[in-house]
Ligand code: NAD
Ligand code: WQD
């Protein structure tokens, strides 16, 4: 049987994609070095789906460690999630980000060539649209003008992949440009678990709701947007995961490199998200207006038409679903901590 390899498969988006693929009956293999995830995710995937996927703890950039993964399995396609993703950290440690993100993509591509694997789906990001494009963002817009090394790694890997697809006529590359993934599987068993102080809005809101932080700082209320706060395209991670299932299906009959947005097409402001969370969960989120955050743009949202046309996919869940499911997962973490402390 053919397997789908998920590098970085124990992480936030990878674990949700594993669940959706298993639900659809795919054979799934996970590789992760656990640099930003934990081993218990495997148990949780098994609890949700009833299937325990094969797991290799390995650095995807390590040729030697990755060889058995390709040699000992019949891999039909790779979904490459592995990489570091903290924007601020990438400014402090650019070499670490360039090394890990680019090297892991290159190693996987080299092994795919060696073992004749011809389908590659890449976790790209809306960040490749940079600061100079006006939403709704369409895939034909020029990429670049990015404000941090993390974003440049996505840009550079996209270029590498386009060249690889030009050189190999059999290769199918799908560049999935994610907008802002939030939410969690309905089970509440897997979700986003940032280390330390969250950088992203939804995990921060969830920690304020849990009483871990006393208030949220809203970064700027003088943007030219609906209420002055930043607007983003928040997409439920389960919708995003299903977008990967659709991309995998598409890659069976496709060759070349195709960039496809995975977003909802709807812009939601920071204040709108806070209020949606409050409504959905009946919890008040105290916030204060703070200065703008360096590198932020006023508005970003997808044109989702290409994904509908090529993948026959669109996001289905609402912002209320996102808020309810993020909170269910966060509450689960708090309950586990309480149980651990009481032991
Ligand atoms: P995540 O950190 O939860 O998952 C990434 C996983 O990759 C982690 O489990 C980590 O341990 C693993 N990893 C990192 N380097 C590795 C290496 N060299 N070898 C093996 N495993 C390695 O992040 P996520 O939110 O699930 O993001 C998945 C992918 O999607 C990343 O490439 C990220 O850049 C991209 N992306 C994320 C977002 C977002 O907002 N979450 C948006 C756009 C794109
Ligand atoms: C969303 C909005 C903030 C935190 C980042 C990466 C991007 C992609 C997704 C990977 C903005 C505001 C935030 C807070 C706030 N990741 N905010 N207070 O910046 O759109 O995207 O994650 O590819 O590359 O840049 O997401 O969740 O950080 O911010 O007011 O404490 O919330 O200013 O308007 P962002 P975010």
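Numbering (the working numbering), first residue to last: 70 to 412. Each residue gets a CB set at the ideal place from its N, CA and C atoms; glycine is no exception.
Residue range of the unbroken beta strand (DSSP E) whose run includes residue i
i, result
"residue 101", "96-101"
"residue 327", "325-331"
"residue 76", "72-76"
"residue 123", "123-126"
"residue 263", "Counting along the chain, residue 263 falls outside any beta strand (DSSP E), and DSSP gives it neither H nor E."
"residue 189", "188-194"
"residue 144", "144-149"
"residue 250", "249-251"
"residue 287", "285-288"
Rounded distance between the beta-carbons of residue j and residue i, thought under 8 Å
i, j, result
"residue 82", "residue 250", "6 Å"
"residue 292", "residue 380", "That belief does not hold up - the Cβ atoms of residue 292 and residue 380 are roughly 32 Å apart, past 8 Å."
"residue 325", "residue 368", "Actually they are not in contact, since the Cβ atoms of residue 325 and residue 368 sit about 31 Å apart, beyond 8 Å."
"residue 359", "residue 269", "The pair is not a contact, with the Cβ atoms about 15 Å apart (cut-off 8 Å)."
"residue 370", "residue 401", "Actually they do not touch by this definition, with Cβ atoms about 30 Å apart."
"residue 179", "residue 328", "Not really, about 23 Å apart at Cβ, beyond 8 Å."
"residue 78", "residue 105", "Going by Cβ atoms, the distance from residue 78 to residue 105 rounds to 12 Å, so no, they are not a contact pair."
"residue 76", "residue 129", "4 Å"
"residue 176", "residue 132", "5 Å"
"residue 241", "residue 313", "In fact, because the Cβ distance is near 14 Å, the residues do not count as touching under 8 Å."
"residue 302", "residue 340", "About 16 Å separates the two Cβ atoms, so there is no contact after all."
Endpoints, the alpha helix (DSSP H) within which residue i is located
i, result
"residue 115", "110-118"
"residue 14", "Because residue 14 is not part of the residues shown, which for the chain are 70 to 412, the question remains open."
"residue 158", "156-161"
"residue 350", "339-350"
"residue 395", "388-411"
"residue 87", "81-92"
"residue 138", "132-140"
"residue 357", "First-last for residue 357: 356-359, but that is the beta strand (DSSP E), not the alpha helix (DSSP H)."
"residue 298", "Note, residue 298: premise wrong, no alpha helix (DSSP H); not H, not E."
"residue 212", "Careful: residue 212 lies outside any alpha helix (DSSP H) and carries neither H nor E."
"residue 322", "Premise fails: residue 322 is in no alpha helix (DSSP H) and is neither H nor E."
"residue 272", "270-278"
"residue 177", "172-183"
Beta-carbon contacts of residue i that lie in its chain and below 7 Å, excluding the five residues immediately before and after
i, result
"residue 345", "388, 389, 392"
"residue 200", "214, 216, 366"
"residue 294", "300, 338, 367, 368"
"residue 231", "326"
"residue 315", "380, 381, 382"
"residue 257", "397, 398, 401"
"residue 413", "In the structure displayed, the chain extends from 70 to 412; residue 413 sits before or after that span and is not available."
"residue 267", "273, 276"
"residue 174", "149, 226, 229"
"residue 353", "347"
Close Cβ partners of residue i (< 6 Å) along its chain, the five nearest in sequence each way excluded
i, result
"residue 311", "89"
"residue 70", "96"
"residue 221", "215"
"residue 281", "none"
"residue 386", "305, 308"
"residue 260", "253, 398"
"residue 289", "361"
"residue 409", "none"
"residue 279", "399, 403"
"residue 375", "208, 329"
"residue 334", "371, 373"
"residue 163", "218"
Beta-carbon contacts of residue i that lie in its chain and below 8 Å, excluding the five residues immediately before and after
i, result
"residue 255", "307, 394, 397"
"residue 73", "90, 95, 96, 97, 98, 144, 145, 146, 147, 148, 317"
"residue 283", "277, 355"
"residue 183", "139"
"residue 377", "383"
"residue 153", "104, 105, 159, 165, 166, 169, 170, 219"
"residue 137", "125"
"residue 263", "269, 272"
Worksheet item: For the stretch 215-235 against the stretch 338-354, are there 3 or more C-beta pairs whose distance is under 8 Å?
Response: no
Worksheet item: Is the number of C-beta pairs between the stretch 230-247 and the stretch 184-195 that are closer than 8 Å three or more?
Response: yes
Discussion item. Does the contact criterion of 3 or more C-beta pairs under 8 Å hold for the stretch 111-120 versus the stretch 147-163?
Written reply: no
Discussion item. Closer than 8 Å is the cut-off here; do at least three beta carbon pairs connect the stretch 116-127 with the stretch 175-192?
Written reply: no
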